[in-house]
Amino acid sequence: MSESKPPVKKVIPLAVSTAPIEPPPGADAEMVSLYQAHKKIYPRSVSGVFSRWRWILVFLTQIIFYGLPWLEWGQRQAVVFDLGARRFYIFNLVLYPQDFIYLTGILVISAYSLFLFTAVAGRLWCGYACPQTVYTEIFLWLEKLAEGDRSMRMRRDAAPWTLEKLARKAWKQFMWITLALWTGFTFVGYFTPIRVLAGEFARWDLGSWEIFWTFFYAFATWGNAGFMREQVCKYMCPYARFQSAMFDKDTLIVTYDKERGEPRGARSKKADPAALNLGACVDCSLCVQVCPTGIDIRNGLQYECIGCGACADVCDTVMDKVGYARGLVKYSTEHALEQHWTRDQTVRHVFRPRVLIYTAILAVVVVAMSVSLALRIPFKVDVVRDRGSLARIADGGKIENVFRIQVMNASEVTQNFHLSVDGLPNLIVSSETDISVESTQSRWVAVRLQLPYEGAEPGSHTIHFKIESKELDKSVTEKAVFIVPR
Amino acid sequence: MKQKLMWVAWPSFLMAGVLELLVFAVVDPESLHWFGQPFDMPRQAVYSLGFFVFWLSVSISGALTLLLAKSPDEVNQPPL
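These protein sequence lines are chains A and B, in that order.
The first sequence maps to residues 1 to 486 in the numbering used here.
The second sequence maps to residues 487 to 566 in the numbering used here.
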């Protein structure tokens, strides 16, 4: 054992390396440690198929996020969660807090989608859609505009302060803060009409809670995307910690093909790797340099990996340059690598019980929710017994019960309702039976029910209120109890 | 220390969001009473303050968990 050979890569003198990828100055000094949060990571920008997808998704999600509050729908903002009035407007829908079930539905759908995507293709959410990734990506792009790419940034940060450095940093901060403020403003624009909010800002009328939350969200965006970055994923995000519960050996993940890559080492472009006893990995360390969380994908699956595919992109460009086949770092599954599956075989293993079950549950919830939304009657009724009295004798010896009925109009037209009751013979509504409720408003009305003397046995009787909307030609039935005293 | 602060602040932030959603989905701030007196505050103020109260309380719970999760050795160690 003591005579074991030194690692192969040390046998190859570095001097023979004429690999076309020159590590940027200072890169060799940079040893990214997994457990040092304080070591600043300078991700190098990258282009390739995964980064293109990431940018497409950044655009899509952000166009929706920044644009949606400005979209008008009739006389109002298309999507606004009016917390002050406790009404939630989503295009045609007007939801009340009583529609909590839909929120639950959306949360269940989100959870199962996350399980499904994760089981199929790993942390797609992290790599492409998580606001943390998306804003980090945008902030990195702005940083690159102001300060240049990785090596320039590292050199400048190490250098003493000059006027140019100050100017570049100030320019970067200006862009960051502007974007962060715009993001906070947009976020609050989902909860308060954005044009009203814009007016408040225009008048510099900064007294409201809305303004406070704009700055709060802007500050969080600036801090998270500008400074915390990968630390949020590594130390703060619970999802990363339980990824192993959602992964199996057929999950597509960003992997390094160890069999093909090792033993890694630098070599001349003309050299035959087989003769040198080398694998395909030229050990250029670019995969580490581009990694936004600063890990080395060649060490295998790690919880820090957000599945962004930056290493796969950059490795492909290196493989192209040295004339090797692409895909040394690629999206693949553990099983596929072990058993040398073809692409088709890998794809076929996507359809496994776990994935099918998630899909089935997801489909059921989505269908149930769509049906429920489609059949939803846009008004609601609450019936409450009057707390003052159980039952009383009214004029003419009639037995009277008083109820309070809340009618909530969840549409954007005034609705006229007709109230009727059944369940006991000769039971009548002695108060107003026609109720008008303005759009998106709710109204409490007192309703008196009268029953002729000895019209029913003493005790409680189940009755039904029927509330009919004349405009919608739909009705809602609510159960209540009529009490006949002894 | 910074890391521990994040361990406490971040999950409690998430849970405060969940609590906010759950509580204010069923509670209308305008129907709240404070020692028998109606709350004289706009809904936005109650939502906002509610969020920070939730965040603070859940943070304290998280911080206590961190404290109790210390091994005896860590506790017995003299302070730096």
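Every residue gets a Cβ at the ideal spot worked out from N, C-alpha and C, and that includes glycine.
In this text the structure is predicted, and so the values were computed from the model without any measurement.
Within chain A, partners of residue i - CB distance below 8 angstroms
{"i": "S534 of chain B", "result": "W209, F212, W213"}
Cβ pair residue i, residue j closer than 7 angstroms
{"i": "F91 of chain A", "j": "A111 of chain A", "result": "no"}
{"i": "V383 of chain A", "j": "E478 of chain A", "result": "yes"}
{"i": "G184 of chain A", "j": "Y217 of chain A", "result": "yes"}
{"i": "S498 of chain B", "j": "V544 of chain B", "result": "yes"}
{"i": "Q406 of chain A", "j": "E471 of chain A", "result": "no"}
{"i": "V290 of chain A", "j": "V46 of chain A", "result": "yes"}
{"i": "H464 of chain A", "j": "D422 of chain A", "result": "yes"}
{"i": "G127 of chain A", "j": "C284 of chain A", "result": "no"}
{"i": "R376 of chain A", "j": "F403 of chain A", "result": "no"}
{"i": "N401 of chain A", "j": "V437 of chain A", "result": "no"}
{"i": "V288 of chain A", "j": "A312 of chain A", "result": "no"}
{"i": "M236 of chain A", "j": "M492 of chain B", "result": "yes"}
{"i": "V494 of chain B", "j": "G548 of chain B", "result": "yes"}
{"i": "Q132 of chain A", "j": "V232 of chain A", "result": "yes"}
{"i": "T221 of chain A", "j": "A180 of chain A", "result": "yes"}
{"i": "A456 of chain A", "j": "V484 of chain A", "result": "yes"}
{"i": "L286 of chain A", "j": "V322 of chain A", "result": "no"}
{"i": "Q530 of chain B", "j": "W209 of chain A", "result": "yes"}
{"i": "D250 of chain A", "j": "T317 of chain A", "result": "no"}
Short CB-CB distance (under 7 angstroms) between residue i and chain B
{"i": "F216 of chain A", "result": "no"}
{"i": "Y239 of chain A", "result": "no"}
{"i": "L166 of chain A", "result": "no"}
{"i": "M31 of chain A", "result": "Low per-residue confidence applies at M31 of chain A: pLDDT is 42, beneath 50, and the placement is therefore not dependable, though the value from the model is reported in the following sentence. Answer no: the Cβ-Cβ gap between M31 of chain A and chain B never drops below 7 angstroms."}
{"i": "M408 of chain A", "result": "no"}
{"i": "Y190 of chain A", "result": "no"}
{"i": "M152 of chain A", "result": "no"}
{"i": "Y135 of chain A", "result": "no"}
{"i": "M319 of chain A", "result": "no"}
{"i": "G223 of chain A", "result": "no"}
{"i": "Y235 of chain A", "result": "yes"}
{"i": "L83 of chain A", "result": "yes"}
{"i": "P25 of chain A", "result": "Its pLDDT being 45, under 50, P25 of chain A is placed unreliably in this model, and the value from its coordinates should be taken loosely. No - not a single Cβ of chain B is within 7 angstroms of the one on P25 of chain A."}
{"i": "V16 of chain A", "result": "Reliability fails at V16 of chain A, whose pLDDT of 41 lies under 50, so the model's placement of it is uncertain and the value that follows must be treated cautiously. No - not a single Cβ of chain B is within 7 angstroms of the one on V16 of chain A."}
Any C-beta of chain A under 7 angstroms from that of residue i
{"i": "L491 of chain B", "result": "no"}
{"i": "A511 of chain B", "result": "yes"}
{"i": "Q563 of chain B", "result": "no"}
Where residue i meets chain B, residues with beta-carbon distance less than 9 angstroms
{"i": "G309 of chain A", "result": "Here the premise fails: no neighbours, minimum Cβ distance about 26 angstroms."}
Chain-ordered chain A contacts of residue i [CB-CB under 7 angstroms]
{"i": "P497 of chain B", "result": "P238"}
{"i": "A502 of chain B", "result": "Correct list: empty, because the minimum Cβ distance to chain A is about 13 angstroms."}
Partner residues on chain A for residue i, Cβ-Cβ distance less than 9 angstroms
{"i": "D434 of chain B", "result": "What is shown of chain B runs 487 to 566, which leaves residue 434 of chain B out entirely."}
{"i": "A531 of chain B", "result": "W209"}
Heavy atom of the ligand FMN within 6 angstroms of residue i beta-carbon
{"i": "G548 of chain B", "result": "Absence of the ligand FMN is noted for the structure shown, with no ligands found whatsoever."}
Evaluate the contact criterion for the stretch 239-259 of chain A versus the stretch 168-178 of chain A: three or more CB pairs, one atom per stretch, below 8 angstroms. no
Report yes or no: do the stretch 234-245 of chain A and the stretch 296-308 of chain A share at least 3 C-beta pairs separated by less than 8 angstroms? yes
With 8 angstroms as the limit, tell me which residues of the stretch 87-115 of chain A have their beta carbon closer than that to any beta carbon of chain B; keep them in chain order. P97, F100, L103
Inter-stretch contact (C-beta, 8 angstroms, three-pair minimum) for the stretch 423-431 of chain A and the stretch 445-457 of chain A: yes
Does the stretch 357-373 of chain A come close enough to the stretch 113-120 of chain A that 3 or more CB-CB pairs lie under 8 angstroms? yes
Stretch-stretch touch, CB-based, cutoff 8 angstroms, three pairs: the stretch 437-450 of chain A with the stretch 189-203 of chain A: no
Would you call the stretch 144-160 of chain A in contact with the stretch 120-127 of chain A, where contact means no fewer than 3 C-beta pairs closer than 8 angstroms? no
Indicate whether the contact test is met: 3 or more Cβ pairs, each with one atom in the stretch 67-87 of chain A and one in the stretch 128-148 of chain A, closer than 8 angstroms. no
So, does the stretch 509-520 of chain B touch the stretch 91-100 of chain A, judging by three or more C-beta pairs under 8 angstroms? yes
With three or more beta-carbon pairs closer than 8 angstroms as the criterion, would you say the stretch 338-353 of chain A touches the stretch 263-279 of chain A? no
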